[in-house]
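S.K.: Numbering-wise (our numbering), the sequence shown opens with residue 742 and increments by one.
Handing you a structure now.
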Amino acid sequence: MNAPFDATTAFGPDAATQPAPDHQIAVIGLGYIGLPTAAVLASYGWDVCGVDVSQHVVETVNAGGVHIEERDLDRLVGEAISSERLVASTNVPAAHYYMIAVPTPLGADNAPDISYVEAAARSIAPNVLPGACIIVESTSPVGTTERVAEIIAGMRPDLIMPQFGAETGGDIAIAYCPERVLPGKIVQELVNNDRVVGGMTPDCAESAAALYRSFVKGDCLLTNSRVAETVKLVENSFRDVNIAFANELSMIADEIGVDVWDVIRLANRHPRVNILQPGPGVGGHCIAVDPWFLVAGAPKSARLVRTAREVNDHKAVHTENRIRALISAAPDAKVALLGLAFKPDIDDFRESPALEIAESLCADLGDRVLVVEPFTEELSAGFSGTGAVLAGLDDALAVAEIVVVLVDHTAFKQLTPADLAGKLVFDTRGMLKK
């Protein structure tokens, strides 16, 4: 998008008569989704203000740096800051578009916590102008977009809110468009993937789609906000259920004494079978979290989704128990734990079963453990006081008699049988089998 923003085209003739906002787009939350989105938008010619509650994040971005590891992101942010298309702030400005990209964690009893989304809505409300469009990108329980509208309405009685299910109406547009990107390929997939754009009304969906069509090469698929919210939860629940089958199969294989990797490899030769690969559990802020939002919306009906979550959570417990049994067989041996991230080749440790297992083992084994994680420079607070050491791969292999592969980082795939000769090895990812 190289042409200047045209409010008349996006929102109708009345919008062009409103006061000019400070920025074309305000992205609320500069985390794993917000910062790449802000940088991509700036690269397509938009005037973007990225907003975050962390002064450190704001200062880092304004200096042209990044606080997260993601392919091409440092270059994109540096170019956006240099071109003055992107600026970061702790204050929410007036804007044509607002994109909410804040976390939605789990609360007590796996209940969805949308307090960050609600706080974002409250921060937007004082400055929002007639004709503006608010888009929620945060993964959220069904009905969250309507909750944002409710908050804005309560703080801005001078504005008419769009009503869900109405054909038209409202002084502003409110929509939901979930991110659907893969860590490590976020910048690429923000542009190339299809997007589902759900509006409170059809007009709201069209207003939001006008933004996405300016930089998305995939299709923009329009629907209502409730369907779009459900789509995001269904996508990740589908993947969680399929992973749960693989993880449960691996536990069955352990009990009956067969090699799960051989079973899956041979079963997948069937033309209509495609079993995924098991692991030590499921991590990340999407698959390990989002299915619970679907369960919360229909707790009596979402039996399979709930069971899959429980299976995948239990796989981490099962894996740790197997590791402990291996360690008990060599009570004085040093142990190398390879990998802490929730998936290969990223620095994202959110909900990581590998991290959970490592912290638990280190709490008991202390300085017997050498942790190898190429995507961090220091161990997290969970290792404090344990005596565990962050080591390089070669140094760990030189002294460890037990080697556990928790994450199949590319850096570990160089290992040969000679490197592991004479050691007890537990490969939770099937990396060595491949």
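Each residue gets a CB set at the ideal place from its N, CA and C atoms; glycine is no exception.
Within the continuous beta strand (DSSP E) that includes Ala1159, where are the two ends?
M.R.: Element bounds for Ala1159: n/a, residue is neither H nor E.
S.K.: Take Arg988 and list the residues in its own chain whose beta-carbon comes closer than 8 Å to its own, dropping the five residues that flank it on each side.
M.R.: This sequence places Asn at residue 988; Arg is not what is there. If we look at Asn988 and ignore the five residues flanking it on each side, its Cβ neighbours are Pro1019, Gly1020, Gly1022, Val1023, Val1052, Asn1053 and Lys1056.
S.K.: Between the stretch 832-851 and the stretch 953-968, can you find at least three pairs of beta-carbon atoms closer than 8 Å?
M.R.: No: fewer than three Cβ pairs fall under 8 Å.
S.K.: Thinking C-beta only, is Ile1143 closer than 9 Å to Lys1192?
M.R.: Coverage of the chain is limited to positions 742 through 1175, which leaves residue 1192 absent and any answer about it impossible.
S.K.: Could you tell me whether the stretch 866-875 touches the stretch 890-899, where touching means 3 or more Cβ pairs closer than 8 Å?
M.R.: Touching, per the Cβ criterion.
S.K.: Would you check if the distance between the CB atom of Val1004 and the CB atom of Leu990 is smaller than 9 Å?
M.R.: Their beta carbons are under 9 Å apart, which means Val1004 touches Leu990 by this criterion.
S.K.: Nearest by alpha-carbon distance to Asn983: which of Asn1015, Ile1064 and Val1001 is it?
M.R.: Comparing Cα-Cα distances from Asn983 to each of Asn1015, Ile1064 and Val1001, the minimum goes to Asn1015.
S.K.: Terminal residues of the continuous beta strand (DSSP E) containing Phe1167?
M.R.: First-last of the beta strand (DSSP E) with Phe1167: Leu1165 to Asp1168.
S.K.: Kindly indicate which residue of Thr942, Ile1028 and Gly819 has the alpha-carbon position closest to the one of Cys874.
M.R.: With distances taken between Cα atoms, Cys874 lies closest to Thr942.
S.K.: Using 8 Å as the threshold, is the stretch 927-937 in touch with the stretch 811-819, meaning 3 or more CB pairs across them?
M.R.: Verdict: yes, contact present.
S.K.: Give every residue of the same chain whose Cβ lies closer than 7 Å to the Cβ of Ser1093, excluding the five residues on either side of it in the sequence, and list them in chain order.
M.R.: These residues qualify, in order along the chain: Gly1024, Leu1081, Ala1082 and Phe1083.
S.K.: Among the residues of its own chain, which have a CB less than 8 Å from the CB of Asn1009, if the five just before and after it don't count?
M.R.: Closer than 8 Å at the Cβ level, and outside the excluded window around Asn1009, lie Asn1015 and Ile1016.
S.K.: By the 10 Å Cβ neighbour count, where 16 or more other Cβ atoms means buried, how is Thr831 classified, buried or exposed?
M.R.: Result: exposed.
S.K.: What are the boundary residues of the beta strand (DSSP E) that includes Tyr838?
M.R.: Note, Tyr838: beta strand (DSSP E), Ala836 to Ile841.
S.K.: Around the Cβ of Lys973, are there at least 16 other Cβ atoms within 10 angstroms (buried) or fewer (exposed)?
M.R.: So Lys973 ends up on the buried side.
S.K.: Among Leu1078, Ala842 and Val1030, whose alpha-carbon lies nearest the alpha-carbon of Arg1170?
M.R.: That would be Leu1078, whose Cα lies nearest to the Cα of Arg1170.
S.K.: Leaving out five residues before and five after Asn977 in sequence, what residues of the same chain have Cβ atoms less than 7 Å from its Cβ?
M.R.: Hits under 7 Å: Cys1027, Ile1028, Asp1031 and Pro1032.
S.K.: How about Asp1089 and Thr1151: are their beta carbons less than 9 Å apart?
M.R.: Cβ atoms of Asp1089 and Thr1151: not closer than 9 Å.
S.K.: Round the Cβ separation of Val781 and Val802 to the nearest angstrom and send it over; I've been treating them as touching at under 8 Å.
M.R.: Not quite, the Cβ-Cβ distance comes to about 14 Å (not below 8 Å), so this is no contact.
S.K.: Can you name the residues that DSSP bridges to Arg936?
M.R.: According to DSSP, Arg936 bridges with Cys961.
S.K.: Have a look at Ile1064 and Ala836 and give me their C-alpha separation to the nearest angstrom.
M.R.: One C-alpha to the other measures close to 53 Å.
S.K.: Cα-Cα, which of Arg936, Thr880, Gly1126 and Gly805 is closest to Glu825?
M.R.: Checking every option, the nearest Cα to that of Glu825 belongs to Gly805.
S.K.: Quick check: the Cα distance between Val798 and Val807, rounded to an integer number of angstroms?
M.R.: Taking the straight line joining both Cα atoms gives about 8 Å.
S.K.: Considering just the uninterrupted stretch of the beta strand (DSSP E) at Gly791, what are its terminal residues?
M.R.: Element bounds for Gly791: Val789 to Val792.
S.K.: Which stretch, first to last residue, makes up the beta strand (DSSP E) that contains Ala767?
M.R.: Here the beta strand (DSSP E) through Ala767 covers His764 to Ile769.
S.K.: Mapping the DSSP letters down to three states, classify Tyr917 as helix, strand or coil.
M.R.: Residue state, collapsed to three classes: strand.
S.K.: Let me check one thing: in DSSP terms, what residues is Ala862 bridge-paired to?
M.R.: DSSP lists no partner for Ala862.
S.K.: Report yes or no: do three or more beta-carbon pairs, one from the stretch 1099-1115 and one from the stretch 1123-1133, lie closer than 8 Å?
M.R.: The stretch 1099-1115, when compared against the stretch 1123-1133, does touch it at the 8 Å Cβ threshold.
S.K.: In terms of alpha-carbon separation, which member of Glu920, Asp995 and Lys1154 lies closest to Asn1062?
M.R.: Nearest option by C-alpha distance: Asp995.
S.K.: Quick one: what does DSSP say Ile927 is sitting in, helix, strand or coil?
M.R.: DSSP places Ile927 in helix when its eight states are reduced to three.
S.K.: Suppose you measure from the CA of Leu771 to the CA of Val792; what does that come to, to the nearest Å?
M.R.: Whole-angstrom Cα-Cα distance: 7 Å.
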